[in-house]
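Protein chains in written order, with our numbering: chain A, 8 to 383; chain B, 9 to 108; chain C, 27 to 230; chain D, 3 to 642.
From the three backbone atoms N, C-alpha and C, an ideal C-beta is built for every residue, glycine too.
What follows is a set of notes on a single structure, which appears directly below.
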Amino acid sequence: MIVDLAIITVKAALVLFMVLNLAGILGWIERKGSALIQDRIGANRASIFGFAGLGLVNTLIADPLKFLTKEDFIPPAGDKFLHMLAPCMALFPALVTFAVIPFGDVLHLGDRVINLQVAHLNVGILYVFAMGSLGVYGIVIGAWASNNKFSLLGGVRGSAQMISYEIAMGLSVIGVLMIYGTLELQEIVRGQATLIGALLPSWLSFMHPLIGWLPAWGIFLQPLAFLLFFTAAVAETKRIPFDLPEGESELVAGYHVEYSGGKFLMFFAGEFAEIVTVAGLVTTLFFGGWQIPYLLRDGFHFPWGGQWLLPQIAVVFLQVGAFTVKVFFFCWLQILLRWTVPRFRYDQVMRLGWKMLLPLALMNIVVTALWIVAWQ
Amino acid sequence: MVALHHYLILSAVIFAIGVIGVLIRRNLIVVLMSIELMLNAVNLTFIAFSRYLGSADGQVSVFFVMAVAAAEAVIGLAIIISVFRHRQSLDPQEMQLLKW
Amino acid sequence: MAGKDLTPPATQGVARPLENPIQWFHAASSVVSGKWQCRSMDMASVIFYLLATLLVISSLLVVFLRNVVHCAMALVTALLIVAVLFVTLHAPMVGILQVMVYAGAIMVLFLFVIMFLNPVELERRRGVWWGFGTILAVMLACVLTPMFIIDESPANPLAATESFGSPEMLAKSLFNEFVLPFEIASVLLLVAIIGAVVLAKREH
Amino acid sequence: MVSPEPSSVAYDLLRWMPLIPLLASGFNLFFGRALGKQTAGALAAAAVGASFALACYVFWQLPAHGIWRDTLYTWIESGSFQVALSFQVDALTAVMLLIVTGIGFLIHLYSLGYMAHDEDRVRFFVYLNLFIFFMLLLVMGDNLLILFVGWEGVGLCSYLLIGFWHHDHNNTIAGNKAFIVNRIGDFGFILGIFVLVTELGRQGIWTLDFVELQQHVKMLEPATITLITVLLFVGAAGKSAQLPLFVWLPDAMAGPTPVSALIHAATMVTAGVYMTARLHFLFILAPATLALIAVIGAATAFFAATIALTQNDIKKVLAYSTVSQLGYMFLAVGVGAFGTAIFHVFTHAFFKACLFLGSGSVIHALGGEQDMRKMGGLKGFMPVTYWTYLVATLAIAGVPFTAGFFSKDLILWQTFSHGATGLWSIGLITAGMTTFYMFRQLFMVFHGECRVDAHAKAHLHESPAVMTLPLVILAAGSIFSGWLGAPEYLWGSRWEHWLEPVLGVSEVHHDSVSTEMIITLLTLGVVVSGFLLAFVNYRKTGAQTGSQAGGGLFYQISFNKFYVDEFYDLAIVRPFTALASFFARIIDPWVIDGTVNGVATTARRFSNIWRYLQTGNVQHYAAMFLTGALALLAYFLGQL
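Dropping the structure here:
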């Protein structure tokens, strides 16, 4: 019992650590990446004893120090308690969401079987959405508590935008859930281990040599769902091209105009944590999570017959590594997006959410349902 | 050990508190919130029963209560908005067109 | 789907004792109660009373705070606590729905409207009426409470199966015996949407 | 006299006979003005012409023992009681169809000329078509209810047309009079229907259909049948202007003359006769009623004739003669000779219509003058009118080999052979008087020197062809239409055989031809003497025409129509209006309104107290609600 609790705690701490660090690293990547994209040198000033290794280490340490040592300003007409509460509410959901995302298959230690996932909830994906929906409060409350017109506008915009896109996001995932027949993310990932060849209905068997060898990842089974989900998720993170709630050019800095110091750091970290979470979700739902094609518990089994057996521990490390790499890739993709795409107008955002993503998601659900009814 | 009536009494208390809100608050939005509170008290009862009687129906009923609550909140808020547009106030005691 | 049959039977049968909060909660309770020799009150009761106290406090805040936004936040807290209570009652699905629907959607809508209208002045209060209402409500509580203390009310919950309160269970009864109410509820929501649009639309 | 079970065949054509005039009427009602007055009239006439053509077709096609049905839909259905909106045509109906549509068509043509200068001709033709529709409904309906609808409908149209020139108050008064007197009759009629239905229903037969009625009336006991038939006859008396309900018909002459010809001479007023013939199977079971009918018929004939002797209004004379002729018809009905009654309806339609139209043409020529004392010597001015008028007069007088001769003599002979000698003698005298007053009129109008005032004389003219053509046709009809029903000693009667399937073999004994001939000769004698009397008095200048000095008490009484109107006015109208005004002045404002307002006031008083509970504050309401809930809870807690 005690041991079990200990294991849980360790897993939780590990995931939390990873996410937070990833957020920090992303902060640096964003600067360097933007510099790259804009043909600048980028963050290279902060140095410790003259050592500025690409500014990475320094940025990791210097950024938090700078934020924490700044004055924490609370607008006198604002609401102190809520003003303090808001950043926590912004950061919290982003962190806890990762609890249900599996970063690996089971790990055998002696007679123990450890599921490489913090919480094995049978409502998994719903939990993700529930936490995501809590993210709104950070913005709304922060905006209201700082008693500033710009931030209030930002808050209103933010809440409207997030509610709108939650719907599209939730509906876009349903197709995936129907395909894999479960809400639990670990199960979904396991479902992606099989090959498409095993799923082809008889009348499509002639396609077998063409696509039969593909792994049954969400991206192959639900490409439209992937596009919709990714778009909606990026909108949820309120980053360019969906950064209307902040919109420097219109609202100074939107809902966190009045924030500085540690609280701003929390908003900041929350944003990057959200990026990581989105990347994790996209990986898990559409890119096989920790799966590596043809790699089963006991090693590789290639569809053309060959196989390469591996020790179990190696398999686990491969899988965790694969997961990390995929997550990194999607984080980078989002940052790339943020620095390349221009910002929408607000009405455009709303129209995209309600008049394009939503109907498309519904259509996706219907088509998927028809497919399932017809061929299973 | 927690018995069923613990939950029932808890929900009764919450319900009563919600009633207070409905009766005394002079801000329509808060009145609506208090109604939500009462609904939640009822939901708690449902879940407690479904747990202690081991049947799923309670949870299903909660599902429906939530649907109704959502509808009620949406309509209520819409009404509040339009009322506020006409008279710049949210005080239910100022809305007495039906007074004798 | 087909993914399951790829996992060897070795992991299939293995019980995963601590994989969701409910199990943590029971494990922890048993551990703690085993640790400190408190027979009088086990962990479950402790947690229940803790949650109940918090719930009552937050509800009181909802009713008696003067600032609308504060009330809203207190209500959100109350709703989250209720969700936790649901989870401890083996209704995780409903708990999650509670968080999604109430905390995630309805309350955000409330806040949105509050920001939208942004009522500046604090509401005035009238002592007599407050007293009267409070007394009435307290009477209500006093009448309801004894009615709930019935001897034949089951003291102990039934032994919950693994799937109790799972989405599958909910879905089974929802789409078999309650399918008609389900459809009606969907119609109700549609009507509510249309009504809200019509009501809140600023007429030109 | 049981008739062979007629074979009833479905035949879709029938429905168009009433529908065409109805459609035309509706069309004129909405688009008539746009259509232009002349076109509207032509359309109306064409519609009636169309249904006349249909009627002829049906008449020729109809098998002797056949009944053609056309059921549109079930109108009323409650339990086993079922009324269908359905038409039927048998021999009797076919004859009536010919009369209604044929005469109707001619009179429509005539109206085109007669109403040429009227402002709202369109309205006139709308009413006229509507009347044709209702009349056809009346004669074609295959059950009592439809017959009753038609019955009321023609009453309505008659009311509308009598008051057609409603700018003159008297016309509206006359219209009301006709309507109200008819109401009295209809009241009896519908009571009769009720009794019939309920009594039959008590026997388990819920029906109004004529054929079924004919099969089942046997199972009613005689007293009931007598009651029913008497009530029905009250209706017939109202519609056909018999004693004592005849008073409306003379006043009905306020309407345009074509209307008088069509409705108040040819068709509508004969509806009563038609009804009795249609229900003959009922009447022959009630000898008492038949006796009553015979007496009333004879009395009416005589009474009206005596009034007609002294009238000076050209149309009034004709009106009373109509009443008198109707009396003849009911006399025939009374002696059980339904076929003969219908025969007289048939012939009478021709010559009376002809007379009315002739008088109309005279009035038209004189620019609305109706007083015979201001006429005379018109023979030269309007020859066609004169000759047709003369023919019709001969016909109504019963000069041999005219229509009137055959039908009226047949009636008298039937009466005699039926053994009612008293009634027969009354009829005989009436025949004489008929001849007298008709020739008096002829002489006063057409002979002697012209008394027309100069202004009217200026544009004295013969009527246009569209008016004279119908006159000629009708005149021809008023001679030859009678030949269908010649007595045995001549070529014998087609008529009886034609109607036998419906009315059964009439029990006229053609045994003693000699007696019949004697009776006929006797009638002729009376007629000739009547003619001589008129000739002597009125052939010349008409000097003493209308000189009220001449003649004594009897003259006064007759001239004032036996003071019947005054009597009714004293006995019925005044008390009634007095009672009504009493109710209007005392009961309604004080008792009824008092009660109502009192209730209202009391309620308001109390509400004024209670309404203070309505604070309009929703939270107060909620508090009340909660209090109630608390009370309930506390109660149940006590129960626990």
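So, does the CB of residue i fall closer than 9 Å to a CB anywhere in chain C?
i: L1 of chain D; result: Since the displayed chain D opens at 3 and closes at 642, residue 1 of chain D lies outside it and no answer follows.
i: M103 of chain B; result: no
i: L635 of chain D; result: yes
i: R93 of chain B; result: yes
Could you confirm whether any beta carbon from chain B is found closer than 9 Å to the beta carbon of residue i?
i: Q641 of chain D; result: no
i: G630 of chain D; result: no
i: N131 of chain D; result: no
i: V164 of chain C; result: yes
i: A624 of chain D; result: yes
Could you have a look at residue i and say whether DSSP puts it in helix, strand or coil?
i: T73 of chain D; result: strand
i: P94 of chain A; result: helix
i: D373 of chain D; result: strand
i: S549 of chain D; result: Confidence is the limiting factor: at S549 of chain D the pLDDT is only 48, short of 50, which leaves the residue's position unreliable and the question unanswerable from this model.
i: D315 of chain D; result: strand
i: D250 of chain A; result: coil
i: P366 of chain A; result: helix
Counting only beta-carbon separations shorter than 9 Å, does residue i have a partner in chain G?
i: I122 of chain C; result: Of the protein chains in this structure, namely A, B, C and D, none is chain G.
Buried or exposed: where does residue i fall if 16 or more other Cβ atoms within 10 Å of its Cβ makes it buried?
i: M363 of chain A; result: exposed
i: I320 of chain A; result: exposed
i: W35 of chain A; result: buried
i: Y565 of chain D; result: exposed
i: C356 of chain D; result: buried
i: Y262 of chain A; result: buried
i: W62 of chain C; result: Because W62 of chain C sits at a pLDDT of 46, beneath the cut-off of 50, its placement in the model cannot be relied upon, and the point is left open.
i: H266 of chain D; result: buried
Could you tell me the alpha carbon to alpha carbon distance between residue i and residue j, rounded to whole angstroms?
i: V380 of chain A; j: V373 of chain A; result: 11 Å
i: L396 of chain D; j: T432 of chain D; result: 15 Å
i: T387 of chain D; j: P260 of chain D; result: 15 Å
i: Y161 of chain D; j: R607 of chain D; result: 50 Å
i: A55 of chain D; j: W62 of chain D; result: 11 Å
i: F408 of chain D; j: I588 of chain D; result: 60 Å
i: H110 of chain D; j: L581 of chain D; result: 44 Å
i: M27 of chain C; j: I32 of chain B; result: Since pLDDT at M27 of chain C reaches only 37, below the 50 mark, its modelled position is unreliable, and the value read off the structure follows with that caveat. Answer to the nearest angstrom: the Cα atoms are 55 Å apart.
i: H622 of chain D; j: P172 of chain C; result: 27 Å
i: T79 of chain C; j: Y60 of chain B; result: 22 Å
i: N610 of chain D; j: S85 of chain C; result: 41 Å
i: P207 of chain C; j: A11 of chain B; result: 31 Å
i: I101 of chain D; j: A343 of chain D; result: 14 Å
i: A310 of chain D; j: A339 of chain D; result: 26 Å
If we cut at 9 Å on Cβ distances, does residue i have a partner in chain A?
i: I140 of chain C; result: yes
i: L206 of chain C; result: no
i: E194 of chain C; result: yes
Could you tell me whether any non-hydrogen atom of the ligand MG is closer than 8 Å to the CB of residue i?
i: F174 of chain C; result: No copy of the ligand MG occurs in the structure displayed, which carries no ligand at all.
Using a beta-carbon distance below 9 Å, is residue i in contact with chain D?
i: V39 of chain B; result: yes
i: V30 of chain B; result: yes
i: W155 of chain C; result: yes
i: L170 of chain C; result: yes
i: V21 of chain B; result: no
- Query: Using a Cβ cut-off of 7 Å, which residues of the region 69-82 of chain C contact any Cβ in chain B, in chain order?
  - Reply: A70, S71, F74, A78, L81 and V82
- Query: When Cβ atoms are compared, which residues of the region 33-59 of chain B fall closer than 8 Å to chain C?
  - Reply: Hits within the stretch, in order: R33, R34, N35, I37, V38, L40, M41, S42, E44, L45, N48, N51, L52, I55, A56, S58 and R59.
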